[in-house]
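Top line first, the protein sequences correspond to chains A and B.
If you read the first sequence in my numbering, its first letter stands for residue 1, the second for the next number, and so on.
If you read the second sequence in my numbering, its first letter stands for residue 269, the second for the next number, and so on.
Remarks on the structure that follows.
Number of protein chains: 2
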Amino acid sequence: MKAAARIGQVLSHFTVTAPERGTGEIASLLGLANSSAHELLNGLAETGLLQKQAPGRFRLGPLVAGLAQVLANTDGVIEAARPVVARTAEDHGETVHVVTLTGRHLAALSAQTGNRPVGVARGVISSETPLHAVGAGKLLLAQMPTAELLRLIETLELTGFTDRTVTARSHLRDQLSMIREDGFAEAVGEWHRDLATCAAPIRSHAGVCVAAFSLAVPLSRYELQPRAYRAIAIQAADRISARLGWQDIDRRAGQLPGGKSVSWDDVA
Amino acid sequence: MKAAARIGQVLSHFTVTAPERGTGEIASLLGLANSSAHELLNGLAETGLLQKQAPGRFRLGPLVAGLAQVLANTDGVIEAARPVVARTAEDHGETVHVVTLTGRHLAALSAQTGNRPVGVARGVISSETPLHAVGAGKLLLAQMPTAELLRLIETLELTGFTDRTVTARSHLRDQLSMIREDGFAEAVGEWHRDLATCAAPIRSHAGVCVAAFSLAVPLSRYELQPRAYRAIAIQAADRISARLGWQDIDRRAGQLPGGKSVSWDDVA
DNA sequence: ACCCGAATTCGATATTACCGAATGCTCAGC
DNA sequence: GCTGAGCATTCGGTAATATCGAATTCGGGT
Chain A
1 MKAAARIGQV LSHFTVTAPE RGTGEIASLL GLANSSAHEL LNGLAETGLL QKQAPGRFRL
61 GPLVAGLAQV LANTDGVIEA ARPVVARTAE DHGETVHVVT LTGRHLAALS AQTGNRPVGV
121 ARGVISSETP LHAVGAGKLL LAQMPTAELL RLIETLELTG FTDRTVTARS HLRDQLSMIR
181 EDGFAEAVGE WHRDLATCAA PIRSHAGVCV AAFSLAVPLS RYELQPRAYR AIAIQAADRI
241 SARLGWQDID RRAGQLPGGK SVSWDDVA
Chain B
269 MKAAARIGQV LSHFTVTAPE RGTGEIASLL GLANSSAHEL LNGLAETGLL QKQAPGRFRL
329 GPLVAGLAQV LANTDGVIEA ARPVVARTAE DHGETVHVVT LTGRHLAALS AQTGNRPVGV
389 ARGVISSETP LHAVGAGKLL LAQMPTAELL RLIETLELTG FTDRTVTARS HLRDQLSMIR
449 EDGFAEAVGE WHRDLATCAA PIRSHAGVCV AAFSLAVPLS RYELQPRAYR AIAIQAADRI
509 SARLGWQDID RRAGQLPGGK SVSWDDVA
C-alpha cells in the first residue's frame, strides 16, 4: 500500500472516542506487524503529526493543530462560514457544524456548541458518524455525482440504530433524490433516539456544493418547531454561499442542471 | 528519507502565505523529481490530507480539519485553554494564541483574534514565525532541556528584522535563561516594528511546560501599559495550568528543579 | 523478587518510492 | 486558428525502505 494512504489510515484511527492509541492497537487495526506499526508511529511522532505521551502511547500532535490553523485562515469555506457559524450558534443556542465528505466519512470543517444547558456535544459530527443517520450525511450524499453515489451506496453499511433509521437501500435512494431537489435534509431520531439533525448545502461561486451547514438539536426541542430549524439551516447555508460568491439566481425554479458535480477526481 | 518525515515536510509547506501549491513547486522545495512529488501529492489528495483544486494545484484537505476537531475535543491543553482564550480575547480585545513547539517551528494550538478595529491578525503565529522574534518562541525555547536547547540555538538562523531583533547567539542565551527564571517572555518590535508579543508558560499537572499562552498587541497599545499585558498573560496561563491540575506550590520561591524537562523523546 | 504483556530492536526480503525521459495537457502569444 | 512554452502526468528500471518475525528489553502487577 502507498505511504500516503497508510498514514491517512493511521491518523484516521485517532478519534474522539479513542484519542490515544498504542503500537499493538494500531498494528491490529491495520493488519500490520507490531514492528511495522512501531516504525510508522514513531516516525509520525518525530514529525509532529503524532505526539508520544509515553512509550507506546500516541495522540495527535501539534502539527495537526498548526495545519488546521492554516486551513482555517486560508480555506474559503471555513473563512466564509466562521461568522455565520458563530452567529447562528449564539442566536439559537444550538450546536452548529460545517461538514464535508472525505471518501466515505464525514469531516467537520468547523464546529460550535450551543450554549444551552441541555444540548448536543460537538463530537456528534466526526469521521465515525454514520452517513445515513444524520442530516449532513444524507445531504452530502445527495449532492454526489449519481454514478459514484450509486456505487457508494452499495458498499455502505446501513446499520440500524433506532426504529427510525433508514436501513433499506431503496428507501435511502428515494430519500436522497428528494433531498437533492429540496436542498435540505433532516434525520430525526435516526441515530440516537433523542437527537435530531438537519442540514442545507453550502455552494461555491460555481454553484457546486462544497459543504453542508448542519444543525444538531435535542429531539425534544426539534419536534416543537421543525420548520423553524429547517429555515435556520437553509438561511445560514445561503448566507455562507453568498459570501463565497454564489449568485442565487433561481432557488425556487430548480437546482443545478442534473445535479452534475464537477470534481477533478472524476477524470479517473 | 522515511515516509512519515517526508509527508510531514510536504504538509508543512502549506502555509498561510502559500496555501496552494503545485507539483513542481513542492518538488523543488523538497529537492525531488517532479514525478516523485506528483505521486506523493496525489496520494495525499486521495486520502484527504490534501485536496486537489485543479490539475497540479493542491491545498490542505478536509481530513486535516477533521483531525483538528478530534484534537480540539480530546487534547487536554486545548480543552482547558478554550474558555480562557475566549474570555481573554473578549475582555481585552487583543489577539490570543496557545502555542507549542514542533521541532524548530511554532504551532498554534488555538487562536482567537481580538475585536478591536486595529489589531493583530491570527496568522502571526504559524510555522513561519521566527522563534527568536516573538515572545512565545523565546518562552518555549527557554523551557527546553538545556543540552538540546544549546544544540538548537547553534542551528537557528537569527535573522534581523528590526533594530531591536536579537541577532547575537550569546545575547539570546542570556535572555533565555532570564526568561526561564521569570516565567515570562516578551518581544517588543523585534519582528515587525509595530508588533509586540508576550507569553507565559502553561504547565501540566506534572509541572512540565506543555505550551505557551501568547498575547499579540499593536506596539502603540502595548507600550502604554506593558506591565498590564504581562499580568494578563501570566494570569491566563496560570488559569489554564490550574485547569490541567497544576498545583502552584511556590511560584515565587523558584521554578522546577533545574528546569529539567521530561520528554519521552530524550531516550535517544 | 518474580512474571507477564507490550514495546522495542534487529536482520532478511519484498515492496514501492524515486528518478529521467517521453507524452499529454493548458494556456499565451502570434 | 495555429504554434510553442511550461506545466503536469505517465511509464519502466533501479535503489531505498517498509514490512515481517524472532529475540530482547522495558514496565506494571502480583
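The beta carbon of each residue, even a glycine, is placed where N, CA and C say it ideally should be.
Every value quoted in this text rests on a predicted model; they were computed, and no experiment measured them.
Item, Value
"May I ask you to report which of helix, strand or coil DSSP gives His360 (chain B)?", "helix"
"If distances are taken between C-alpha atoms only, which option among B:Leu312, B:Thr465, B:Leu335 comes closest to Arg327 (chain B)?", "B:Leu312"
"Got a sec, what are the start and stop residues for the alpha helix (DSSP H) Val64 (chain A) sits in?", "62–74"
"Let me see if you follow: with CB-CB separation under 7 angstroms, is Val262 (chain A) close to chain B or not?", "Because the pLDDT at Val262 (chain A) is just 38, under 50, the model does not fix this residue reliably, and the value given afterwards should be weighed accordingly. Val262 (chain A) does not count as touching chain B."
"Following the continuous beta strand (DSSP E) through Gln321 (chain B), name the residue where it begins and the one where it ends.", "318–322"
"Using a beta-carbon distance below 7 angstroms, is Leu408 (chain B) in contact with chain A?", "no"
"Does Pro19 (chain A) have its Cβ less than 7 angstroms from a Cβ in chain B?", "yes"
"Can you name the residues of chain A whose CB is closer than 7 angstroms to the CB of Ile500 (chain B)?", "None at all; the shortest Cβ gap to chain A is about 22 angstroms."
"Does the beta-carbon of Ala410 (chain B) have 16 or more other beta-carbons within 10 angstroms, so that it is buried, or is it exposed?", "buried"
"Taking DSSP as the reference, what is the three-state secondary structure of Val262 (chain A)?", "Note that Val262 (chain A) has pLDDT 38, beneath the 50 cutoff, so the model's placement of it is unreliable and the number below is only indicative. Val262 (chain A): coil per DSSP, three-state reduction."
"At a Cβ cut of 9 angstroms, what residues of the segment 60–74 of chain A count as close to chain B, listed as they run along the chain?", "Leu60, Gly61, Pro62, Leu63, Val64, Ala65, Gly66, Leu67, Ala68, Gln69, Val70, Leu71, Ala72, Asn73, Thr74"
"Is there a Cβ of chain A sitting closer than 7 angstroms to that of His365 (chain B), yes or no?", "no"
"Nearest-angstrom Cα distance between Ser110 (chain A) and Arg372 (chain B)?", "28 angstroms"
"Count the other CB atoms, across all protein chains shown, that sit within 10 Å of the CB of Glu157 (chain A); report buried if there are 16 or more and exposed otherwise.", "exposed"
"For Leu407 (chain B) and Val64 (chain A), which I take to be in contact (beta-carbon distance under 8 angstroms), what is that distance rounded to the nearest angstrom?", "Actually they are not in contact, since the Cβ atoms of Leu407 (chain B) and Val64 (chain A) sit about 22 angstroms apart, beyond 8 angstroms."
"Should Arg230 (chain A) go down as buried or exposed, given a rule of 16 or more other Cβ atoms within 10 Å for buried?", "buried"
"Can the beta-carbon of Val99 (chain A) be found less than 7 angstroms from the beta-carbon of Ala136 (chain A)?", "yes"
"In chain order, which continuous runs of the alpha helix (DSSP H) of length 4 or greater are located wholly inside the segment 383–410 of chain B?", "403–410"
"Residues of chain B with CB closer than 7 angstroms to the CB of Gly103 (chain A), please, in chain order.", "Gly316"
"Are any of the Cβ atoms in chain A nearer than 7 angstroms to that of Gly391 (chain B)?", "yes"
"Am I right that His360 (chain B) and Ile470 (chain B) are in contact with their C-beta atoms under 8 angstroms? What's the rounded C-beta distance?", "At roughly 18 angstroms, the Cβ-Cβ gap does not stay under 8 angstroms, so His360 (chain B) and Ile470 (chain B) are not in contact."
"Tell me the start and end of each unbroken alpha helix (DSSP H) in the segment 190–258 of chain A that is at least 4 residues and wholly inside, in chain order.", "219–222, 226–243"
"Counting contacts by CB-CB distance shorter than 7 angstroms, is Ser127 (chain A) in contact with chain B?", "yes"
"For Ile179 (chain A), which residues in chain B fall below 7 angstroms Cβ to Cβ?", "Within 7 angstroms Cβ-Cβ: nothing; Ile179 (chain A) doesn't reach chain B, min ~21 angstroms."
"Which class does Phe14 (chain A) belong to by DSSP, given the choice of helix, strand or coil?", "coil"
"Report the neighbours of Val16 (chain A) on chain B: residues whose CB is nearer than 9 angstroms to its CB, in chain order.", "Gln337, Val338, Asn341, Thr342"
"Answer yes or no: do Gln337 (chain B) and Ala108 (chain A) have a C-beta to C-beta separation smaller than 7 angstroms?", "yes"
"Go ahead and pull the three-state DSSP assignment for Ala273 (chain B).", "helix"
"Taking the alpha carbon of Arg239 (chain A) as the point to measure from, which residue in A:Glu148, A:Gly8, A:Ala212 has its own alpha carbon closest?", "A:Ala212"
"Specify the secondary structure class of Ala354 (chain B) as computed by DSSP and reduced to three states.", "helix"
"Apply the 10 Å Cβ neighbour rule to Leu308 (chain B) and answer buried if 16 or more other Cβ atoms are within range, or exposed otherwise.", "buried"
"Given a cut-off of 7 angstroms on the beta-carbon distance, is the pair Ser12 (chain A) and Ser127 (chain A) in contact?", "yes"
"Quick check: the Cα distance between Ser488 (chain B) and Arg461 (chain B), rounded to an integer number of angstroms?", "10 angstroms"
"Would you mind giving the Cβ-Cβ distance between Thr15 (chain A) and Ala272 (chain B), rounded to the nearest angstrom? I have them listed as a contact below 8 angstroms.", "Actually they do not touch by this definition, with Cβ atoms about 20 angstroms apart."
"With a cut-off of 7 angstroms, does the C-beta of Ala5 (chain A) fall near any C-beta of chain B?", "yes"
"Output needed for Gly160 (chain A): all residues of its chain with C-beta closer than 7 angstroms, excluding positions within five of it in sequence on either side, in chain order.", "Thr167"
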